[in-house]
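Everything on this sheet refers to the single structure shown next.
Protein chains in written order, with our numbering: chain A, 3 to 455; chain B, 8 to 299.
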């Protein structure tokens, strides 16, 4: 191993995202804002709670997005900052008796400091090593919180119970609804601030460092300063998200802030599209709702489902939700005709055939003493692939047949889920077909474009 | 003074575990210039396979050899199937791939062998070593095996053509390709070797920490701490770092009140941070020079 690294010719750690591509246009933003404002008026309290969850986890993912998509540094330690924010809010509310709204900026400031300090040693590492060091931080955090020394404040393993705030000024709202609007206001505020930050001088400095560190420092950017600053800002926003989370869940305990949370946030960022701020909400939706679906396929398999989905995202839509959403207008204009390469066609055919065969054989197979019973999902995946391929090739009869198989084989899934999820899950499963079509199409589009170059 | 000496000895014994893992960490860094998060999980999965083979009646050393061979091929297969297409992708994509692999392996191991803790046999026996109560024959055997692997690796990289080609492919891929080295296969080979070393580490560690799907999480972080301490560019440093981390951990536990078993991971974290701030290249690593 030579100790010399080619730094200038090296590809950047994170693919460069142009500044303009990081946000949404005004029109779209307004539509989404109106939707976010009126939806809670028509749904049940539990759904409102889940929407609140969506917002504060989205905020945490946004923070990671600023760090990774903006300044090109990785972190698998966001759960640690999240935990510090949550505990700061909870302790201030329960022991000092402060108002919940006042605790949030304090949580943000403390986490900013913590992140800024952690950013110092993090300067020495980049890429995968930084990811592993932050991973160590995330695994160490629950143990630190359980420490006897802090137990008086943190409640040790038991954690702390937080009281849920009522709507102020006698507003006729349930607690859940008030909390939702409160979270929404903060989320919008931070979102606008983040967009402005990335458009500002500091934001340009972040992006210059992300794209080429040496060129950035040659242009007079204080690399160390801006890298730690990015860590601080990201940790601060995560801290606010953590505080909101503590208020919404009404409970903080060390074991809710394990490394799993950090991995979920990272996953949310990749799914939403690295460097695309609105994608954070889509990523949050992914990490909230997908585990439910995964658990319904097989208990304890959610890790594997997460992993497989992550690989699917990496290979098919490396730009995450951004790519899918940007592909829609293109699809409407040009239709869904896919020019597949021969290799892709063979691969998908082979995959679909193997899966279909497995679906027929697996029920009879017993591996190491237990029956393999998930043949229906395997069949549906095969059918989904076939339906997608047929739809793309304008072969409507096959597409319709395969879609019917998808519908029939996916029926048990919504039925076995908890009440209230059945309909959206069926729609989501059937909706997978056009989504994959869009993804494949977009991929082919990219391939074609780069082949022309 | 006797307490001190005993604790150092005990530290060397636990340090052997970390040294094993750190060696695997540095190995894969040497071979592919990346650090594999799923390394620990791959080792855990290999260990489970050897356990399963033994349950089926294969003798220890037979299953040992089979498992190492399986891990080697498995490592190559993972690289060919999943990571070769990502070779040109940004590091972020690779990190996401490692995490995905981590989640998949962990989840499947739990699904196949469930999360109950299992006993794992040792080939060296567990009687006291040379009359000392603190270090058992298993731990002595583990230290011996680690040192043996280190020596073999040193000779492999230093004196064989394939070893030289692997080093070339890792440090300057373009130039290596120009002199006719198949860099793509060198990377696959690196994955295979790292998986094989990891499987040996897993089989040595399992009798101490017991076999279960999450057994490697703490060990991986300690292994990383050891590799950082010794210098990420030096296999020798990684082994020394492993022993030092073990000794350090034991001494801190003995002499500083209030530091119990539950503080193990924060100690590793503190160590990583201190080394990075004070001596970023580690004890034996060369500082990385950047060419503009």
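For every residue, glycine included, the Cβ atom is placed at its ideal position computed from N, Cα and C.
Taking C-beta pairs closer than 8 Å, name the residues in chain B that residue 312/A reaches, listed in chain order.
Residue 312/A sits at position 310 when you count from the first residue of the first chain. Within chain B, the residues near residue 312/A are 103, 104, 106, 107, 110.
Under 7 Å Cβ-Cβ, which residues of chain B neighbour residue 141/A?
Counting from 1 along the first chain, the entry for residue 141/A is found at position 139. Neighbours of residue 141/A on chain B, chain order: 224, 228, 272.
If you follow the alpha helix (DSSP H) that residue 262/B is part of, which residue opens it and which one closes it?
Residue 262/B sits at position 255 when you count from the first residue of the second chain. Taken as a continuous stretch (DSSP letters only), the alpha helix (DSSP H) holding residue 262/B covers 242–262.
Between residue 234/B and residue 253/B, is the Cβ-Cβ spacing less than 9 Å?
Start at 1 with the first residue of the second chain, and residue 234/B comes out as number 227. Start at 1 with the first residue of the second chain, and residue 253/B comes out as number 246. Result no, Cβ atoms of residue 234/B and residue 253/B do not sit closer than 9 Å.
Quick check on the burial criterion: 16 or more other C-beta atoms within 10 angstroms. Buried or exposed for residue 178/A?
Numbered from its first residue, the first chain carries residue 178/A at position 176. Answer is buried; the Cβ neighbour count reaches 16.
Tell me the start and end of each unbroken alpha helix (DSSP H) in the stretch 148–192 of chain B that is at least 4 residues and wholly inside, in chain order.
168–178, 180–185
Which residue's Cα is closest to the Cα of residue 218/B: 122/B, 273/B, 84/B?
As a first step, residue 218/B is located in the second chain; it is residue number 211 there, counting from the start. Here the closest residue by C-alpha is 122/B.
For residue 10/A, does the count of other Cβ atoms within 10 angstroms reach 16, so buried, or fall short, so exposed?
Mapped onto the first chain, residue 10/A falls at position 8. Below a pLDDT of 50, predicted positions are generally treated as unreliable, and residue 10/A, at 47, falls in that range; the measurement from the model is reported next regardless. Residue 10/A is exposed by the Cβ-count criterion.
Rounding to the nearest angstrom, what Cα-Cα distance links residue 199/B and residue 81/B in this structure?
Position 192 of the second chain, counting from 1, holds the residue named residue 199/B. Position 74 of the second chain, counting from 1, holds the residue named residue 81/B. Here the C-alpha atom of residue 199/B lies approximately 7 Å from the C-alpha atom of residue 81/B.
Name, please, each residue of chain A whose Cβ falls closer than 9 Å to the Cβ of residue 291/B.
Position 284 of the second chain holds residue 291/B. Near residue 291/B there are no residues of chain A at all, since even the closest Cβ is about 12 Å away, more than 9 Å.
Could you give the residue range of the alpha helix (DSSP H) that holds residue 229/A?
As a first step, residue 229/A must be located in the first chain, where it is residue number 227. Per DSSP, residue 229/A belongs to the alpha helix (DSSP H) from 225–251.
Spell out whether any CB of chain A is found under 9 Å from the CB atom of residue 276/B.
In the second chain, residue 276/B corresponds to position 269, counting from 1. Chain A contact via Cβ: present.
Could you check the C-alpha separation between residue 367/A and residue 309/A for me, to the nearest Å?
Taking the first chain and counting its residues from 1, the one referred to as residue 367/A is at position 365. Taking the first chain and counting its residues from 1, the one referred to as residue 309/A is at position 307. At residue 367/A the pLDDT is 49, less than 50, meaning the model places this residue with poor confidence and gives no usable figure here.
Can you give me the C-alpha to C-alpha distance between residue 105/B and residue 45/B, rounded to a whole angstrom?
For the purposes of this step, residue 105/B is taken as the residue at position 98 of the second chain. For the purposes of this step, residue 45/B is taken as the residue at position 38 of the second chain. When rounded, the distance between both Cα atoms is 6 Å.
Mind checking residue 114/B: buried by the 16 CB within 10 Å criterion, or exposed?
Residue numbering aside, residue 114/B sits at position 107 when the second chain is read from its first letter. Buried: at least 16 other Cβ atoms inside 10 Å.
Residues in its own chain within less than 6 Å of residue 232/B by CB, not counting five upstream and five downstream?
Here residue 232/B refers to the residue found at position 225 of the second chain. For residue 232/B, where only same-chain residues beyond five positions count, the Cβ hits under 6 Å are 252, 275, 278, 279.
Within the 9 Å Cβ cut-off, does residue 117/B reach chain A?
As a position in the second chain, residue 117/B is number 110, starting the count at 1. Output row for residue 117/B: interface = yes.
Would the beta-carbon of residue 113/A fall within 9 Å of that of residue 87/A?
Start at 1 with the first residue of the first chain, and residue 113/A comes out as number 111. Start at 1 with the first residue of the first chain, and residue 87/A comes out as number 85. If you check the CB distance, residue 113/A and residue 87/A come in under 9 Å.
Answer with buried or exposed for residue 101/B, where buried requires no fewer than 16 other C-beta atoms within 10 angstroms of its C-beta.
Position 94 of the second chain, counted from the first residue, corresponds to residue 101/B. Classification for residue 101/B: buried.
Got a sec: is the Cβ-Cβ distance from residue 126/A to anything in chain B below 9 Å?
Numbered from 1 along the first chain, position 124 holds the residue referred to as residue 126/A. Closer than 9 Å: yes.
Helix, strand or coil, according to DSSP, for residue 33/B in the structure here?
Here residue 33/B refers to the residue found at position 26 when the second chain is read from its first residue. If DSSP states are grouped into helix, strand and coil, residue 33/B belongs with the helices.
Let me make sure I understand the geometry here. Which of 161/A, 227/A, 239/A, 224/A has the alpha-carbon closest to that of residue 194/A?
Taking the first chain and counting its residues from 1, one reaches residue 194/A at position 192. Closest by alpha carbon: 239/A.
Going by CA-CA distance only, name the one from 285/A, 268/A, 242/A that's closest to residue 115/A.
Here residue 115/A refers to the residue found at position 113 when the first chain is read from its first residue. Out of 285/A, 268/A, 242/A, 242/A has the C-alpha closest to the C-alpha of residue 115/A.
Cβ atoms of residue 65/A and residue 323/A: under 9 Å apart, would you say?
As a first step, residue 323/A is located in the first chain; it is residue number 321 there, counting from the start. As a first step, residue 65/A is located in the first chain; it is residue number 63 there, counting from the start. Their beta carbons are not under 9 Å apart, which means residue 323/A does not touch residue 65/A by this criterion.
Per the contact definition of three or more C-beta pairs closer than 8 Å, is the stretch 49–59 of chain B in contact with the stretch 170–187 of chain B?
no
Quick one: is residue 308/A near chain B, going by C-beta distance under 9 Å?
Here residue 308/A corresponds to residue number 306 of the first chain, with the count starting at 1. So, interface residue.
So with CB distances below 7 Å, who are the chain B contacts of residue 276/A?
For the purposes of this step, residue 276/A is taken as residue 274 along the first chain, with counting starting at 1. Under the 7 Å cutoff, chain B gives 99.
Is residue 319/A helix, strand or coil by DSSP?
Residue 319/A sits at position 317 when you count from the first residue of the first chain. Coil at residue 319/A, not helix or strand.
Output needed in chain order: residues of the stretch 80–94 of chain B with a Cβ under 9 Å from some Cβ in chain A.
Correct list: 89, 92, 93.
Please list the partners that residue 206/B has in chain A, where partner means a Cβ-to-Cβ separation under 9 Å.
Mapped onto the second chain, residue 206/B falls at position 199. Per Cβ cutoff of 9 Å: no residues; residue 206/B is ~20 Å from chain A at best.
Please identify the residue among 161/B, 191/B, 259/B whose C-alpha is closest to the C-alpha of residue 243/B.
Residue numbering aside, residue 243/B sits at position 236 when the second chain is read from its first letter. Nearest option by C-alpha distance: 161/B.
Beta-carbon within less than 6 Å of residue 189/B's beta-carbon, same chain only, minus the 5 sequence neighbours each way: which residues are those?
Position 182 of the second chain holds residue 189/B. Counting only Cβ-Cβ distances below 6 Å, and skipping sequence neighbours, we find nothing.
Residue 133/A touches chain B at which residues, Cβ-Cβ below 7 Å?
Residue numbering aside, residue 133/A sits at position 131 when the first chain is read from its first letter. Near residue 133/A (Cβ distances below 7 Å), the residues of chain B are 102.
With contact counted as at least three CB pairs below 8 Å, one residue from each stretch, are the stretch 13–30 of chain B and the stretch 204–218 of chain B in contact?
yes
For residue 275/A, which residues of its own chain have a beta-carbon under 6 Å away from its beta-carbon, when the five flanking residues on both sides are left out?
Mapped onto the first chain, residue 275/A falls at position 273. Contacts found: 281, 321, 322, 323, 324.
Rounded to whole angstroms, what is the Cα-Cα separation between residue 2/A and residue 192/B?
Outside the shown range of chain A, which is 3 to 455, sits residue 2/A, and nothing can be said about it.
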